[in-house]
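*Asks:* Chains as they are written, first to last, in the numbering used here: chain A, 901 to 1014; chain B, 12 to 124.
Idealized CB from N, CA, C, for every residue including glycine.
#1: For the region 26-58 of chain B, which residues have a beta carbon sitting closer than 9 Å to at least one beta carbon of chain A?
#2: From residue 952/A to residue 973/A, what distance separates their C-alpha atoms?
#3: Between 924/A, 912/A, 991/A, 901/A, which lies nearest to residue 52/B when the distance is taken from Cα to Cα?
#4: Does the beta carbon of residue 113/B sit closer than 8 Å to a beta carbon anywhere in chain A?
#5: Could you pull the start and end residues of the beta strand (DSSP E) that residue 35/B belongs to?
#6: Thinking just about the alpha-carbon of each residue, which of 13/B, 37/B, 20/B is nearest to the one in residue 83/B?
#7: Taking Cβ positions only, does residue 80/B come closer than 8 Å to chain A?
#8: According to DSSP, simplified to helix, strand and coil, what is residue 67/B?
#9: Using a Cβ cut-off of 8 Å (strictly closer), state whether residue 959/A contacts chain B.
#10: In the DSSP assignment, what residue or residues form a beta bridge with residue 995/A?
#11: So residue 104/B is in the beta strand (DSSP E); what residue range does that whole segment cover?
#12: For the region 28-43 of chain B and the region 924-939 of chain A, state whether three or more C-beta atom pairs, one from each stretch, are separated by less than 8 Å.
#13: For residue 122/B, report the span of its beta strand (DSSP E) as first-last.
#14: Pick out whichever of 966/A, 979/A, 920/A has its Cα sitting closest to the Cα of residue 989/A.
#15: Give the straight-line distance between the Cα atoms of residue 27/B and residue 96/B, rounded to the nearest whole angstrom.
#16: Considering only the alpha carbon of each residue, which of 47/B, 86/B, 48/B, 73/B lies closest to residue 61/B?
#17: Nearest CA to the CA of residue 1013/A: which residue from 931/A, 930/A, 982/A?
#18: Comparing the C-beta of residue 92/B with each C-beta of chain A, is any distance below 8 Å?
#19: Evaluate residue 66/B with the Cβ neighbour count: other Cβ atoms within 10 Å of its Cβ, from every protein chain shown; 16 or more gives buried, anything less gives exposed.
#20: If you run the structure through DSSP and keep just helix, strand and coil, what is residue 18/B?
#21: For residue 54/B, count neighbouring Cβ atoms within 10 angstroms of its own Cβ and tell me buried if that reaches 16, exposed if not.
#22: By Cβ distance, which residues of its chain are closer than 6 Å to residue 79/B, with the 5 residues on each side in sequence left out?
#23: Return yes when the Cβ of residue 115/B is within less than 8 Å of the Cβ of residue 99/B, no when it is not.
#24: Hey, residue 955/A and residue 967/A are a contact pair by Cβ (cut 8 Å); roughly how many whole angstroms apart?
See the structure below:
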């Protein structure tokens, strides 16, 4: 069985300050982990993915995430938030033995204020 | 390159009525997925197709939901009859093979009155 827990349903930051969105996972196999972003009325877009190569993964728009097996975490960070980053973010796990079945977290709504 | 196309984008129906959603995947993508996203939740897989074969439909409520992908390209998801609890966003995604990145469409937002 696989699952993810997103620890914050809402995060609010000021423009230009760092972003931290937290995610913990549970997986029976060596997992693949993803972060997706969902802007209003738009499709989910892949930000980055971890598939057992480097533990620090760089994605689009300046986001990155670090896979920490000992902590079963895959937190998403960005050094400096931009207004356009305001969206819903989903942490996702896929068991390598599960036929690419994606299990989504409940999402974190990121608000960026001036 | 066109992404995953879904229609309609919005649908409002009364309970007990039928409704259908259409999805056109990215050209060449043989794997197609339908997801259900309830308000405030992450998407949950309903069904996965490899070409025209449904290889995982364990989460599809088969008493009222049905899906088809007759020629292994476009797909239709149907609900008959719709219930109030079916109000949600229905997402379609596609991938090149079953182990590669999934690309999502914008979804169909269904409201059942």
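*Replies:* If we stick to the structure as given:
#1: Flagged, chain order: 42, 44, 46, 48, 51, 52, 53, 54, 55, 56.
#2: Cα to Cα, the separation comes out at about 14 Å.
#3: Among 924/A, 912/A, 991/A, 901/A, the Cα nearest to that of residue 52/B is on 991/A.
#4: Contacts with chain A at 8 Å (Cβ-Cβ) include residue 113/B.
#5: Here the beta strand (DSSP E) through residue 35/B covers 30-35.
#6: Here the closest residue by C-alpha is 37/B.
#7: So, not an interface residue.
#8: If DSSP states are grouped into helix, strand and coil, residue 67/B belongs with the strands.
#9: By this cut-off, residue 959/A is not an interface position.
#10: In DSSP, residue 995/A forms a bridge with 931/A.
#11: From DSSP, the beta strand (DSSP E) with residue 104/B extends over 99-106.
#12: Counting Cβ pairs under 8 Å, fewer than three are found: no touch.
#13: Unbroken beta strand (DSSP E) run through residue 122/B: 119-123.
#14: Across the set 966/A, 979/A, 920/A, the C-alpha of 920/A shows the shortest separation from the C-alpha of residue 989/A.
#15: Cα atoms of residue 27/B and residue 96/B: separation of roughly 11 Å, rounded to the nearest angstrom.
#16: Taking only the C-alpha atoms, the option nearest residue 61/B is 86/B.
#17: The option with the nearest alpha carbon to residue 1013/A is 982/A.
#18: Taking Cβ atoms only, chain A never reaches closer than 8 Å to residue 92/B, which makes this a no.
#19: In this structure residue 66/B is exposed. Its beta-carbon is surrounded by fewer than 16 other beta-carbon atoms within 10 angstroms.
#20: Reduced to three states, the DSSP call for residue 18/B is strand.
#21: Counting Cβ neighbours within 10 Å, residue 54/B comes out buried, since at least 16 surround it.
#22: Hits under 6 Å: 87.
#23: Taking 8 Å as the Cβ cut-off, residue 99/B and residue 115/B do not qualify as a contacting pair.
#24: That belief holds up - the Cβ atoms of residue 955/A and residue 967/A are roughly 4 Å apart, short of 8 Å.
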